[in-house]
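Read in my numbering, the sequence shown has 739 at position 330, and its numbers run on one by one without any break.
By construction, the Cβ of each residue, glycine as well, lies at the ideal position given by its N, Cα and C atoms.
Remember, it's a predicted structure, so these values are computed and weren't measured experimentally.
Just below is one structure, and these are the notes that go with it.
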Amino acid sequence: MKRLWIASLLVFALLLQPLAATAAPLDDAIALYNQKQYREALPTIRGEAKKGDSTAQWYLAQMYYYGQEVGQNYAECAQWSFKAAEQGNTKAQYGLGFLYEEGLGVPQDIQKAFTWYAKAAEAGHPTAQEIVATMYMKGLGVGKSYGQALRWYTEAAGRGSRFSRYQLGRMYFYGYGVEKDETRGAKYYEMAAQDGQVDAQRELARYLTGLKDQPGKRVEGVAWYVKAANQGDGESMSMLACYYSDLGDNKAALTLHRRAAEMDIALSQQEYGKMLCAGKGTDVDYEKGFIWLSKAAHQHQPQSQYLLGMMYELGKGVAPDEQMAYAWYSVADLYGYPPAAEHKAAVRLRLTAAQIEEGDAQAETIMSSY
């Protein structure tokens with residue numbers, strides 16, 4: 410639910426623009442507020458809020474939220490947000506949805522959060538529209554409905570929401586509530602990608618590089634991976650590393666795999682570990698390779714599980730231990746890695762019955778740790 414959403418976490422900071430219809434004294438107070446002169450702004454904002462002005466009520470709510478010249482008090486924030494929201498203040502409706510979502514000043518209640526987000530969405534608030542769409546998509550606080558998700562993502566996309574354009578791309582690409590249409594999905598990805606949406610850049614790159622019969626599209630796809638990687642996207646770094654590896658540029662591949670591995674991308678943990686063991690783009694380092702292959706193995710990478718078995722069997726980067734080799738070969742075999750069965754059988758012949766039993770137990774322990 411935390412991803413409902415990053416925008417929600419910034420909700421109050423994003424909603425500080427004054428409404429045009431405020432009275433002159435309140436205009437002055439809001440100007441002072443925006444200059445961080447909270448002590449000077451507070452008397453007028455509080456006075457107008459008590460008189461029933463929804464804009465003042467909203468600003469007072471934020472002052473309680475942040476503790477600006479008043480003690481931080483989420484309950485007071487919720488109270489003033491509610492007063493403004495009931496008068497149709499869209500920002501307050503959105504903010505109240507956030508408070509109910511997070512349980513700040515009010516009991517956490519995802520259904521009430523949806524209700525207030527929906528009111529803001531109906532009034533045209535684009536971020537609220539994104540959130541309502543996502544709640545329909547996941548069935549959070551409301552019954553799951555791809556149709557309603559499509560409606561609200563479309564509304565928000567029309568107001569410039571790049572995240573909604575990305576989500577529309579996913580819906581068409583995978584056929585969520587609509588007829589599957591990868592070409593149309595890719596167009597939405599591109600719209601969002603052009604606007605800097607990193608997930609869209611990555612997914613567009615994945616789509617384009619997968620068009621094997623169109624080499625030019627592959628080049629275009631790689632360019633999108635570069636854009637996403639430059640924004641810090643680990644998966645894109647990993648895919649770029651594989652591309653450089655195919656070209657024989659091991660140093661570039663090693664650097665990108667290391668960065669992605671450090672971001673917990675399992676494929677790069679595996680490939681970085683393999684490169685360290687093979688001395689590709691660097692000196693051979695079995696000990697470090699063992700560490701990274703272990704990380705990948707615990708993220709369900711069967712080749713890494715198999716390679717750990719080999720390292721235990723051969724004593725590369727770790728003390729020789731045929732029982733542990735047997736255990737890791739067993740895990741890789743269970744995950745369907747074809748060479749593992751043969752190696753498991755070969756090691757098994759050299760173990761005692763007690764070692765086999767213990768090895769089986771170690772394999773079960775490894776599996777249960779997942």
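So, using beta-carbon positions, are tyrosine 555 and leucine 577 closer together than 7 Å? no
The segment 565–575 / the segment 605–617 touching (three or more Cβ pairs under 8 Å): yes
Helix, strand or coil for leucine 549, going by three-state DSSP, please let me know. coil
Relative to the alpha-carbon of threonine 691, which residue among Leu435, Arg579 and Asn659 has its alpha-carbon at the smallest distance? Asn659
If you run the structure through DSSP and keep just helix, strand and coil, what is isoleucine 674? coil
Quick check: what's the CA-CA separation for methionine 793 versus lysine 683? Outside the shown range of the chain, which is 410 to 779, sits residue 793, and nothing can be said about it.
Run through DSSP, which three-state label would histidine 709 get? coil
Whole-angstrom distance between glycine 548 and valine 740, CA atom to CA atom: 36 Å
Could you tell me which of Gln477, Tyr779, Glu722 and Ser490 sits nearest to glycine 461, measuring between CA atoms? Ser490
Which value, in whole angstroms, describes the spacing of the CA atoms of lysine 445 and asparagine 498? 23 Å
Consult DSSP for leucine 428 and reduce its assignment to one of helix, strand or coil. Residue confidence is low: leucine 428 scores 44 on pLDDT, short of 50, so the model does not pin down where it sits. Its coordinate-derived value is still stated next. In this structure, leucine 428 counts as coil in the three-state DSSP scheme.
Count the other CB atoms within 10 Å of the CB of threonine 453; is the residue buried (16 or more) or exposed (fewer)? buried
Quick check: the Cα distance between tyrosine 474 and glutamate 599, rounded to an integer number of angstroms? 38 Å
Take alanine 749 as the anchor and find which of Met776, Glu767, Ala762 and Gly718 has the nearest alpha-carbon. Gly718
Distance CB(leucine 451)-CB(glutamate 478) smaller than 7 Å: yes
Just to confirm the assignment, what range does the alpha helix (DSSP H) spanning glutamate 612 have? 607–618
Under 7 Å between the Cβ atoms of serine 645 and arginine 668? no
Just reading off the alpha helix (DSSP H) that threonine 464 is part of, what are its end residues? 463–475
Out of Leu760, Tyr681, Ala438 and Leu743, point me to the one whose CA is closest to glutamate 722's CA. Leu760
Less than 7 Å separating the beta-carbons of alanine 493 and glutamine 520? no
So what's valine 635 in DSSP terms, helix, strand or just coil? helix
Between the Cα of valine 727 and those of Phe507, Ala755, Asp694 and Glu751, spot the shortest distance and give me the residue it belongs to. Asp694
Would you identify the three-state DSSP class for serine 490, choosing helix, strand or coil? helix
Lysine 589, DSSP secondary structure in three states: coil
Below 8 Å on the Cβ atoms is my guess for alanine 650 versus serine 677; work out the distance and round it to an integer in Å. 6 Å
Distance, glycine 641 Cα to asparagine 443 Cα: 33 Å
Can you tell me which of the three DSSP states aspartate 769 falls into? helix
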